[in-house]
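J.: Here the sequence shown stands for residues 1 to 281, where the numbers follow the numbering used here.
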Amino acid sequence: MDRLSALLQCFPVRAHLFHAGPLCGVTHFDAVPGRSFLHVLRRGEMVVTHHRRDRLPRKVAVKEPTLLFYPRPLAHDFHNAPVDGADFTCATLDFQGGDRHPLVRALPEMLVLPLHRVQGLETALQLLFSETEQVRCGQRILADKLFEVVLLQMLRWLLDHPQASGINMGLISGLADPALARALTALHERPGEAWSLEAMAQEAGMSRSAFAARFKSTVGQTPADYLLDWRVGIAQSRLLQGDSVKFLADMLGYANASALSRAFTQKLGLSPRDWLKSQPR
C-alpha cells in the first residue's frame, strides 16, 4: 500500500537548496509565509534558539549529525562557533497550499531527528553531499531533487515511527495505523467516490462503529470531516490552477456546482468565487 504518492500528487512539495558548507556565529532564519526549512547538520555541534513566544524549547542543543525540519514558517537562529562552525546543507521547502497542505497541518512545529535513527537516508544524503561539494552542470536542479528524496525518506520513517517523533494524533498517526491507512489511502486516491461511513469502514476491514471511533481518536476528526477537508483542499488547489467549480464538482463527487459551493462555504466561510478573489495574485 502506497500511503504517500496520491497525497503528494495532489499536494506537491518542492525543495530549493540555499546553503552548503559551514555556518559560523549566529545565523537567523526568518519566518516567511509559505516557507518551510529542512536543515541537515553534517558535522559539528550547535545550538538552535527560538523566540519566547513560540511553543518550542527556547534552546535546543544538537551534538550529532541531525535533520532539523520546520514544516511551518517559524523564525529560528543557529548558534555556531565564531570560526570553524558546524557544517550544514539547507533547503527551503514549498508545500503547495502552504499551511493548508495536509502534511504541514499534521506535523509538529519542529522535528529534530538524528540521522542514524532515520533508516534509508544514507544513499540520498551521500548523493546530496556529493552534489554540493563541487560545482557541476545541473548541480542546483539535481540537489533540489535530492533534497525532495531526503524529505520523502523522512516522511516514510515518520509513518513507521510516529510516536517516536512526538506525533500522537493526526494524519501521520492515521497513516501509521494499518487499517485506517487503507481507508485514508482510498480517500486520497479516489476522492470522487460516493464515500459513506460504511464504504470507508469496509476499506479498513472494520465495523462502522469501530472504524468511526478509531478514526476520531487517531486522526482527530470524524471520517466525514476529514473527507470534507480533503475534497475542499483539492478544490482550493485546483481553483488556483484555473479549474471551474463545475469541473471540480464532477471530479470530487458532488451532484453539481452548487453542492460543491455549499460544502466549500461550510468549510471556509466563503464561496469558491469569493475565496479565489481573496487569494494573492
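Even glycine gets a Cβ: it sits at the ideal position worked out from N, Cα and C.
Name the residue from 78, 166, 165 and 193 whose alpha carbon lies nearest to the alpha carbon of residue 28.
T.: Ranking the options by Cα distance to residue 28, first place goes to 78.
J.: In three-state DSSP terms, what is residue 206?
T.: Of the three classes helix, strand and coil, the one that applies to residue 206 here is coil, per DSSP.
J.: Considering only the beta carbon of each residue, do residue 16 and residue 144 sit closer than 7 Å?
T.: Yes, the pair counts as a contact, with Cβ atoms nearer than the cut-off.
J.: Near residue 254, what residues of its chain come up, given a Cβ to Cβ distance below 6 Å and the 5 sequence neighbours on each side ignored?
T.: Correct list, in chain order: 260.
J.: Beta-carbon within less than 7 Å of residue 20's beta-carbon, same chain only, minus the 5 sequence neighbours each way: which residues are those?
T.: Around residue 20: 89 and 132.
J.: Taking the alpha-carbon of residue 114 as reference, which of 158, 130 and 98 has the nearest alpha-carbon?
T.: For residue 114, the nearest C-alpha among the options comes from 158.
J.: Can you name the residues that DSSP bridges to residue 277?
T.: None, per the DSSP bridge assignment.
J.: Taking the alpha carbon of residue 218 as the point to measure from, which residue in 163, 248 and 241 has its own alpha carbon closest?
T.: When each option's Cα is compared against that of residue 218, the closest is 163.
J.: Pull the bridge partners of residue 21 from the DSSP assignment, please.
T.: According to DSSP, residue 21 bridges with 88.
J.: Based on the DSSP output, what are the partners of residue 82 in its beta bridges?
T.: None; residue 82 has no bridge partner.
J.: My guess is that residue 233 and residue 57 are in contact by the Cβ rule of under 8 Å, so how many angstroms apart are they, rounded?
T.: Their Cβ separation, rounded to whole angstroms, is 31 Å, which puts residue 233 and residue 57 out of contact at 8 Å.
J.: Would you give the residue range spanned by the beta strand (DSSP E) that residue 59 belongs to?
T.: First-last of the beta strand (DSSP E) with residue 59: 59–62.
J.: Going by C-alpha distance, which of 129, 118 and 80 is nearest residue 91?
T.: Nearest option by C-alpha distance: 129.
J.: In or out: residue 141 buried (at least 16 other Cβ within 10 Å) or exposed?
T.: Residue 141 is exposed by the Cβ-count criterion.
J.: Along the beta strand (DSSP E) that carries residue 36, what are the first and last residues, could you check?
T.: Looking at the DSSP string, the run of the beta strand (DSSP E) that includes residue 36 is 36–43.
J.: Buried or exposed, going by whether 16 or more other CB atoms sit within 10 Å of the CB of residue 43?
T.: Exposed, because fewer than 16 other Cβ atoms sit within 10 Å of the Cβ of residue 43.
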